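Everything below concerns the one structure shown next.
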Amino acid sequence: MAIFRICFIGDSITLGTVDEDLLGWPGRLVRHVWAEGHDVTCYNLGVRADTTELIGRRWRAESAARLPDHVDGRLVFAFGVNDTAIDQSGQIRVTHDQSVKNARATIGEAKAWKRVLWIGPAPVRKQGQRVTPAAGVTYDFQNARIEALDRAYLDAAKDLGVPAIELHTGRYAHSWQVDDRALAQLRLAVDHAAGLGLAVHAGHGLTYRNVQPVAAIPALEELNIGHSVMSRAILTGMPEAISRMRHLIDAARH
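Under this note's numbering, the residues of the sequence shown are numbered 8 to 261, in order.
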């Protein structure tokens with residue numbers, strides 16, 4: 008049994024705004040880890056609408072109070088989406104270059120102190136998404152700005168000595184039966200990361216039906232697949248479920 012504490016630092020996505028269960032993704036993740044028998048303490052330090060500038064001012068003090076030197080402490084950062092928002096005055100909240108500078112400073116300091124996982128900014132559900140968190144305050148989001156920042160963060164990660172990246176395949180998993188656009192974007196992302204010298208992993212929503220086009224991307228070193236394998240194992244047993252997935256992956260790569 009592992010015993011450790013994790014601070015999850017970010018914005019409303021980390022906080023779990025509008026989550027009816029009041030868990031957010033950190034709470035769901037830690038609940039799963041608890042079910043596996045580990046003693047993990049979760050500190051959700053997500054703040055709604057926070058930018059990299061705001062997170063940079065607070066993360067160390069908030070984390071230090073929760074991760075004293077005598078405990079095994081970990082840090083998970085997820086930020087950037089709010090930086091790209093255009094506010095009601097027509098101004099971007101944090102410029103692209105300043106956001107990258109802030110990220111480098113925060114992650115660089117964090118890596119020198121604790122073990123770190125850094126999650127890039129997630130796309131919004133639709134182009135031109137507008138959020139009104141309070142009267143007279145509006146934020147407009149565009150995936151093009153988020154994707155550009157995500158790519159710049161990737162370059163920064165390489166400079167900071169991050170050894171590996173995992174790409175989220177959720178967009179592909181939702182659209183692979185419709186068209187190949189998400190797969191093409193995934194290939195570009197894999198090639199870009201591999202070109203930086205990073206080990207490239209991928210996962211989320213991969214199944215026995217859709218795994219092979221992803222597995223066929225040469226630079227991918229690892230696929231993380233859990234739900235589909237476990238679901239099949241209920242019917243066929245774990246050895247067969249793993250063997251079948253392994254066969255599909257190997258066939259796609261040869």
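Even for Gly, the Cβ is constructed at its ideal location relative to N, Cα and C.
Nothing here was measured: the structure is a model prediction, and the numbers come from that model.
query                                                                                                                                                    : result
Below 8 Å on the Cβ atoms is my guess for Gly63 versus Thr21; work out the distance and round it to an integer in Å.                                     : No, Gly63 and Thr21 are not in contact; Cβ-Cβ is about 15 Å, not under 8 Å.
So, using beta-carbon positions, are Val37 and Phe11 closer together than 8 Å?                                                                           : no
Answer yes or no: do Asp23 and Gly34 have a C-beta to C-beta separation smaller than 8 Å?                                                                : The question names Asp, but residue 23 is Gly in the sequence shown. Contact flag set, yes.
Out of Asp187, Ala117, Val185, which has the shortest C-alpha to C-alpha gap to Gly80?                                                                   : Ala117
Can you give the beta carbon distance from Trp120 to Phe84, rounded, assuming they're within the 8 Å contact cut?                                        : Trp120 to Phe84, Cβ: 12 Å. No contact.
Looking only at DSSP bridge pairs, what is Val47 linked to?                                                                                              : Phe11
Less than 8 Å between the CB atoms is what I'm expecting for Leu167 and Arg111, so what's the real figure, rounded?                                      : 7 Å
Indicate whether the contact test is met: 3 or more Cβ pairs, each with one atom in the segment 137-152 and one in the segment 174-193, closer than 8 Å. : no
Using a 10 Å radius around the Cβ and a threshold of 16 neighbouring Cβ atoms, would you call Trp66 buried or exposed?                                   : buried
Classify His208 as helix, strand or coil using the three-state DSSP reduction.                                                                           : strand
Quick check: what's the CA-CA separation for Arg132 versus Tyr179?                                                                                       : 14 Å
Can you check which of these residues, Thr243, Arg55, Ala151, Val221, is closest to His211 by C-alpha distance?                                          : Val221
In terms of residue numbering, what span does the alpha helix (DSSP H) encompassing Arg251 cover?                                                        : 245-259
Is Trp41 helix, strand or coil when you go by DSSP?                                                                                                      : helix
Compute the distance between the beta-carbons of Ala163 and Val88, then report whether it is under 8 Å.                                                  : no
What are the residues that DSSP puts in a beta bridge with Gln136?                                                                                       : Phe148
Less than 6 Å between C-beta atoms, sequence neighbours within five positions excluded: which residues of the same chain meet that for Ile224?           : Arg194, Val197
Provide the residue span of the alpha helix (DSSP H) that contains Ala117, from first to last.                                                           : 103-118
Which two residues bound the contiguous beta strand (DSSP E) that contains Glu228?                                                                       : 227-231
Can you tell me where the beta strand (DSSP E) with Trp183 in it begins and where it stops?                                                              : Neither: Trp183 is in no beta strand (DSSP E) and is coded neither H nor E.
Under 8 Å by Cβ, that's how I've got Pro128 and Arg55 pegged, so tell me the actual separation to the nearest angstrom.                                  : Contact doesn't hold; Cβ gap of about 15 Å is too wide.
By DSSP's criteria, Leu82 is part of a beta bridge. Which residues make up the other side?                                                               : Cys14, Val123
If you measure between the beta carbons of Asn109 and Glu60, is that distance less than 8 Å?                                                             : yes
By the three-class DSSP mapping on this structure, what secondary structure does Asp162 have?                                                            : helix
Buried or exposed: Leu74, going by 16 or more other Cβ atoms within 10 Å of its Cβ?                                                                      : buried
In angstroms, rounded to a whole number, what distance separates the CA positions of Arg100 and Gln149?                                                  : 13 Å
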